[in-house]
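Residue 2 is where the sequence shown starts when you use my numbering, and the numbers rise one by one after that.
Inspection log for the structure reproduced underneath, given as structure tokens.
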Amino acid sequence: MATKIYTKTGDDGQTGLFGGQRVPKDHLRIEAYGTVDELNSLLGVILALQGTTALPSDMSATLRDISALLFTAGADLATPLDPPPSYPIPRIESTHTQFLERMIDAYDTELEPLKTFILPTGTTTAAHLHLARTVCRRAERLVVALSREESCGEEIVRFLNRLSDFCFTAARLANKRAGLEDIAWTNPAL
2 MATKIYTKTG DDGQTGLFGG QRVPKDHLRI EAYGTVDELN SLLGVILALQ
52 GTTALPSDMS ATLRDISALL FTAGADLATP LDPPPSYPIP RIESTHTQFL
102 ERMIDAYDTE LEPLKTFILP TGTTTAAHLH LARTVCRRAE RLVVALSREE
152 SCGEEIVRFL NRLSDFCFTA ARLANKRAGL EDIAWTNPAL
């Protein structure tokens with residue numbers, strides 16, 4: 002008999018963390034990794050745009066790698082450090098943050114230096130990357146709040162901070178490769 006997708010274990014408003022601890026579904030830890038999951042789903046939308054918009058193939062491969070890292074981030078956040086789990090859990094490490102930094106630096110070589118704030122617009126890919134940046138920032142804020150209450154891995158905040166920078170840079174590059182310039186923010190005189 003096939004396993005059913007529903008377990009009914011969350012019908013009382015509780016959910017399980019790795020390690021077995023039960024917490025309310027609106028617990029800050031659940032909000033944090035739920036937002037990481039939302040971000041990962043948004044990257045899935047961006048990847049689904051491949052072939053219909055200007056999503057460069059090299060960017061597509063990088064986004065798939067980041068999507069896999071977001072599953073690692075989710076596992077990391079779903080597993081409290083105290084007490085330590087009795088089995089290995091993948092954690093976000095400095096090498097993951099360094100990967101994002103290398104990608105940002107590589108993308109940045111194709112871009113003009115930024116001298117002003119820009120509007121989050123352009124191609125469909127760029128607009129979705131800007132949206133991903135804002136979801137990533139929300140995840141980062143939630144993890145920072147969680148870290149005030151419970152131990153979190155030290156690298157997860159740095160990783161999310163760098164990931165939002167990556168999304169911003171990737172959005173700019175998607176526009177540039179599509180032949181669109183950044184639109185500078187100006188205060189409109191209405």
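Heads up, the beta-carbon is just placed ideally off N, CA and C, and yes, glycines get one too.
Would you give the residue range spanned by the alpha helix (DSSP H) that N41 belongs to?
DSSP places N41 inside the alpha helix (DSSP H), whose first and last residues are L29 to A49.
Would you identify the three-state DSSP class for A185, choosing helix, strand or coil?
Note: A185 maps to strand in three-state DSSP.
When the Cα atoms are used, what is the spatial distance from T98 to M104?
In a straight line, the C-alpha of T98 is about 10 Å away from that of M104.
Between which two residues does the alpha helix (DSSP H) carrying R134 extend?
Run containing R134: T125 to E150, per the alpha helix (DSSP H) assignment.
Near I184, which residues of its chain fall below 8 Å by C-beta distance, leaving aside the five closest residues on each side in sequence?
Non-local beta-carbon contacts of I184 in its own chain, meaning distances under 8 Å to residues more than five positions away in sequence, involve I119, L120, T122 and G123 in chain order.
Inter-residue Cα distance where the pair is G154 and P189
Rounded to the nearest whole angstrom, the C-alpha separation of G154 and P189 is 43 Å.
Using the Cβ count rule (16 or more neighbours within 10 Å means buried), how would you classify D77?
Of the residues assessed, D77 falls on the buried side of the cut-off, its CB having 16 or more other CB atoms within 10 angstroms.
Considering only C-alpha positions, which residue in the set L70, H131 and G180 is nearest to I93?
Comparing alpha carbon positions, the residue from L70, H131 and G180 closest to I93 is L70.
Tell me whether I119 sits in a helix, a strand or coil according to DSSP, three-state version.
Three-state result, I119: strand.
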